[in-house]
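> Got a structure for you, questions after.
Number of protein chains: 2
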Amino acid sequence: MGDTVCVDEADGATTGDGRAVDRAGRPLATSPRVIAAMAQKLFVEKGFAATSVADVTAAVGISQRTFFRYFSAKGDVLWVESAAELARFRAALSAADPDEPYQQGLLRAVLAAFTWTPADEQWARDRAQLVLSEPAVQGQFSVILSQWRAAAAEHARRQPPAATAEVAVVVGYAFVAGLLAANERWVSEPSRDLGTLLAEVLAMVLPAVSAP
Amino acid sequence: MGDTVCVDEADGATTGDGRAVDRAGRPLATSPRVIAAMAQKLFVEKGFAATSVADVTAAVGISQRTFFRYFSAKGDVLWVESAAELARFRAALSAADPDEPYQQGLLRAVLAAFTWTPADEQWARDRAQLVLSEPAVQGQFSVILSQWRAAAAEHARRQPPAATAEVAVVVGYAFVAGLLAANERWVSEPSRDLGTLLAEVLAMVLPAVSAP
DNA sequence: CCAGGTTATGACACTCCATGCCAAAAAGAT
DNA sequence: ATCTTTTTGGCATGGAGTGTCATAACCTGG
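Heads up: the sequence lines are chains A and B, in that order.
Here the working numbering = 1-based position in the first sequence + 39.
Here the working numbering = 1-based position in the second sequence + 39.
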């Protein structure tokens, strides 16, 4: 678990469409992105539970065994972009001015992390909808969220007003609560911008940690 | 899903140990409590993933098929008490004074809901530990939490300062964030009282909804 | 005591998710 | 052409969860 192959641009093994590698050995038959795109398409069309892994692999043209080499679970296809988003989030947090209150840094970082191309935006909306409607994917989602939670908590400890470890735990949970609340409002009010919603919601939930 | 038989004291079908019913038909071979107690014991001893449903049913002396008549999923045994806790929560919310700020009502209600006998307290601690350490149970947990979230959100809409529907969503998420944060601190600081932790944490995360 | 109705149980078969194992395919390197 | 490297697909396996059906165990009425 948590051991997805996750062949990414970074290891230079494949292009997005799985052609032409200069590496030794058999080339990859496909890419995580391709599998994930097809899987999410089917999930949206037929529902998560009603879509079997066999459906996905048949549509992509690979074996089930190969699917589970790319993803450690059926629902993991929803989080292909998650590592990149989290990396953007962490990078933005690292760039914070040492005097900046932690709340501002968290908001700025999450806005940076959740900046997509228009095509990816629709994809993110579908994902958000699926997470809300399919309890079966919450298990994987929770481990994603725990990483965001840890990053937010650590940021609250470093930035003013330097939270204690105990308070930082609370900040972490409050932060993901803000993410989830903004997410839900984003799904139910599609006309509103996610960034605006995040700013609104985080201002409400992030505790005003008292300085020592 | 969500269709557990849930034979409870309320429908007068069985006693806790499965003896003596005045109802027609074959008596129940066991009770949800008995199954859940054995299952949770095994989960704590060997871990959730390493414990199969077959292990549980063999220990209780029932068939696997019967297990899944009592519980709709392996992890559901952790939430036998959940319906009762939620009922206490809702009852306490209903009893709120119309002029009482919503934050106070939520705190009072959650303290009422999470009041156990000493024996049940250890059981609740084990459950809390399992939820934190086993992502596999988060799926079921999330549907439990969504009920608490809805109840808290509705309370925020009714009590002063009467939140809008959009803000109530945020209150709901902030509330469960408080539950989770208090839960985590309860597990990592066993000497502290859960009630005190809840009071502390909820005071930090519950937004001060501005009156219109 | 015995038949009939009622309800839960257990056994079986089945699908799906997930993993371990291994032979074979497809590339580069020598 | 052969060797090495790496991925793939097939096969077997185990656990979760569901539908189906005969049967066990109880209560009620004769």
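For every residue, glycine included, the Cβ atom is placed at its ideal position computed from N, Cα and C.
Note that this is a predicted model, so its numbers are computed, not measured.
#1: Quick one: list the residues of chain B neighbouring G178/A, beta-carbon separation under 7 Å, in chain order.
#2: Return the chain-ordered list of same chain residues with a C-beta closer than 8 Å to the C-beta of T235/A, the five sequence neighbours on each side being excluded.
#3: Determine whether the beta carbon atoms of V176/A and F107/A lie at a separation below 8 Å.
#4: Using a beta-carbon distance below 8 Å, is S181/A in contact with chain B?
#5: Hey, quick one: how far does the alpha helix (DSSP H) through G234/B stretch, first residue to last?
#6: Would you mind listing the beta strand (DSSP E) stretches within the segment 179 to 217 of chain B that are 3+ residues and don't spill past its ends, in chain order?
#7: In chain A, which residues lie with their C-beta within 8 Å of the C-beta of E223/B?
#8: Could you list which residues in chain B have their beta carbon closer than 7 Å to that of P246/A, in chain order?
#9: Enumerate in chain order the residues of its own chain whose CB-to-CB distance from Q198/B is below 8 Å, with the five nearest sequence positions on each side excluded.
#10: Residues in the same chain with beta-carbon distance under 8 Å from V226/B, minus the five sequence neighbours each way, listed in chain order, please.
#11: Looking at C-alpha atoms only, which residue of F214/B, T105/B, A122/B and T96/B is the closest neighbour of K80/B?
#12: Should A151/B and R188/B be called a contact, given that it needs their Cβ atoms to be closer than 8 Å?
#13: Please report whether the beta-carbon of V95/B lies at a distance below 8 Å from any beta-carbon of chain A.
#14: Hey, how far is the Cα of T43/B from the Cα of L218/A?
#15: Considering Cα atoms alone, identify which of S230/A, Q186/A, F110/A and V210/A is closest to Q161/A.
#16: Hey, S91/A and P174/B are a contact pair by Cβ (cut 8 Å); roughly how many whole angstroms apart?
#17: Considering just the uninterrupted stretch of the alpha helix (DSSP H) at T105/B, what are its terminal residues?
#18: Find the nearest neighbour of D159/B within the set V244/B, H194/B and L117/B, judged by alpha-carbon distance.
#19: Nearest by alpha-carbon distance to V240/B: which of F214/B, E205/B and F153/B is it?
#20: Leaving aside the five residues before and after A78/B along the sequence, list all residues of the same chain whose C-beta is less than 7 Å from its C-beta, in chain order.
#21: Considering Cα atoms alone, identify which of A220/B, V206/B, T69/B and I183/B is closest to A192/B.
#22: Please compile the residues from chain B whose C-beta is within a distance smaller than 8 Å of the C-beta of V215/A.
#23: Please compile the residues from chain B whose C-beta is within a distance smaller than 7 Å of the C-beta of D240/A.
#24: Measure from the C-beta of L132/A to each C-beta in chain B and report whether the shortest distance is under 8 Å.
#25: Since I believe V209/B is in contact with Y238/A (beta carbons under 8 Å), could you give me their beta-carbon distance rounded to a whole number of angstroms?
#26: Alpha carbon to alpha carbon, how far is P66/B from L233/A?
#27: For a test of your reading of the model: does the CB of L171/B fall under 7 Å from any non-hydrogen atom of the ligand MG? Yes or no.
#28: In angstroms with no decimal places, state the Cα-to-Cα distance between S185/B and D61/A.
#29: May I have the straight-line CA-CA distance separating V244/A from F82/B, to the nearest angstrom?
#30: Ends of the alpha helix (DSSP H) at L125/B?
#31: Can you check which of these residues, R224/A, A63/A, A123/A and A93/A, is closest to A112/A by C-alpha distance?
#32: Let me see if you follow: with CB-CB separation under 8 Å, is A220/A close to chain B or not?
#33: Once you ignore the five residues that flank A63/A on each side, which residues in its own chain have a CB closer than 7 Å to its CB?
#34: E205/B versus chain A: which residues are under 7 Å apart at the beta carbon?
#35: With distance defined between alpha-carbon atoms, name the residue in R104/B, S102/B and A122/B nearest to A190/B.
Taking the coordinates as given:
#1: Against the first sequence, residue 178/A aligns to sequence position 139. Under the 7 Å cutoff, chain B gives P174, A175, Q177 and G178.
#2: As a working note, residue 235/A is residue 196 in the first sequence. Correct list: empty, nothing qualifies.
#3: The residue labelled residue 176/A in the question sits at position 137 within the first sequence. The residue labelled residue 107/A in the question sits at position 68 within the first sequence. Not closer than 8 Å, so no.
#4: Within the first sequence, the letter at position 142 stands for residue 181/A. It does; some Cβ of chain B falls within 8 Å.
#5: Locating residue 234/B in the second sequence gives position 195, counting from the first residue. From DSSP, the alpha helix (DSSP H) with G234/B extends over L233 to V244.
#6: none
#7: What you label residue 223/B is simply residue 184 of the second sequence in a count that begins at 1. Result: V208 and Y212.
#8: Along the first sequence, read from residue 1 onward, the residue named residue 246/A stands at position 207. Those within 7 Å of P246/A in chain B are M243 and V244.
#9: Counting from one through the second sequence, the residue named residue 198/B turns up at place 159. A135, P137, E139, P140, Y141 and G144, listed in sequence order.
#10: Within the second sequence, the letter at position 187 stands for residue 226/B. Closer than 8 Å at Cβ, skipping near neighbours: R164, A167, Q168 and L171.
#11: For the purposes of this step, residue 80/B is taken as the residue at position 41 of the second sequence. Checked all of F214/B, T105/B, A122/B and T96/B; the closest Cα to K80/B is T96/B.
#12: Mapped onto the second sequence, residue 151/B falls at position 112. Mapped onto the second sequence, residue 188/B falls at position 149. Result no, Cβ atoms of A151/B and R188/B do not sit closer than 8 Å.
#13: Along the second sequence, read from residue 1 onward, the residue named residue 95/B stands at position 56. It does not: the Cβ of V95/B has no partner Cβ on chain A nearer than 8 Å.
#14: On the second sequence, position 4 is the one that residue 43/B refers to. On the first sequence, position 179 is the one that residue 218/A refers to. Reliability fails at T43/B, whose pLDDT of 38 lies under 50, so the model's placement of it is uncertain and the value that follows must be treated cautiously. C-alpha separation (whole angstroms): 31 Å.
#15: Within the first sequence, residue 161/A is the residue found at index 122, counting from 1. That would be S230/A, whose Cα lies nearest to the Cα of Q161/A.
#16: For the purposes of this step, residue 91/A is taken as residue 52 along the first sequence, with counting starting at 1. For the purposes of this step, residue 174/B is taken as residue 135 along the second sequence, with counting starting at 1. 22 Å between Cβ atoms; not a contact.
#17: The sequence position of residue 105/B within the second sequence is 66, counting from 1. Looking at the DSSP string, the run of the alpha helix (DSSP H) that includes T105/B is Q103 to Y109.
#18: By 1-based counting over the second sequence, the position of residue 159/B is 120. Closest option to D159/B, Cα to Cα, is L117/B.
#19: Working through the second sequence from its first residue, we reach residue 240/B at position 201. Residue F214/B is the option with its Cα nearest to V240/B.
#20: Here residue 78/B refers to the residue found at position 39 of the second sequence. Counting only Cβ-Cβ distances below 7 Å, and skipping sequence neighbours, we find V95 and V116.
#21: Along the second sequence, read from residue 1 onward, the residue named residue 192/B stands at position 153. Closest by alpha carbon: V206/B.
#22: Residue 215/A sits at position 176 when you count from the first residue of the first sequence. Ordered by position in chain B, the residues that pass the 8 Å Cβ test against V215/A are A216.
#23: Your numbering for residue 240/A matches position 201 in the first sequence. At residue 240/A the sequence reads Val, which differs from the Asp that was named. Residues of chain B passing the Cβ test: V209.
#24: As a working mapping, residue 132/A is identified with position 93 in the first sequence. No, because no Cβ of chain B sits closer than 8 Å to the Cβ of L132/A.
#25: In the first sequence, the residue the question calls residue 238/A occupies position 199. In the second sequence, the residue the question calls residue 209/B occupies position 170. A quick correction: the sequence has Ala, not Tyr, at residue 238/A. About 12 Å separates the two Cβ atoms, so there is no contact after all.
#26: Residue mapping note: residue 66/B aligns to position 27 of the second sequence, counting from 1. Residue mapping note: residue 233/A aligns to position 194 of the first sequence, counting from 1. Rounded to whole angstroms, P66/B to L233/A spans 55 Å at the Cα level.
#27: The ligand MG is not among the ligands present in this structure, which contains no ligands whatsoever.
#28: To locate residue 185/B, count along the second sequence from 1; it is residue 146. To locate residue 61/A, count along the first sequence from 1; it is residue 22. If you take the alpha carbons of S185/B and D61/A, they lie about 50 Å apart.
#29: Counted from its first residue, the first sequence places residue 244/A at position 205. Counted from its first residue, the second sequence places residue 82/B at position 43. Straight-line Cα distance between these residues: approximately 35 Å.
#30: For the purposes of this step, residue 125/B is identified with residue 86 of the second sequence, where counting begins at 1. Taken as a continuous stretch (DSSP letters only), the alpha helix (DSSP H) holding L125/B covers S121 to S133.
#31: For the purposes of this step, residue 112/A is identified with residue 73 of the first sequence, where counting begins at 1. Nearest of R224/A, A63/A, A123/A and A93/A to A112/A, Cα basis: A93/A.
#32: The count along the first sequence starts at 1 and reaches residue 220/A at position 181. Yes, A220/A lies at the interface with chain B (some Cβ there is under 8 Å from its Cβ).
#33: Indexing the first sequence from 1 puts residue 63/A at position 24. Closer than 7 Å at the Cβ level, and outside the excluded window around A63/A, lies no residue.
#34: The residue given as residue 205/B occupies position 166 in the second sequence. Under the 7 Å cutoff, chain A gives R224.
#35: As a working note, residue 190/B is residue 151 in the second sequence. Of R104/B, S102/B and A122/B, the residue nearest in Cα terms is A122/B.
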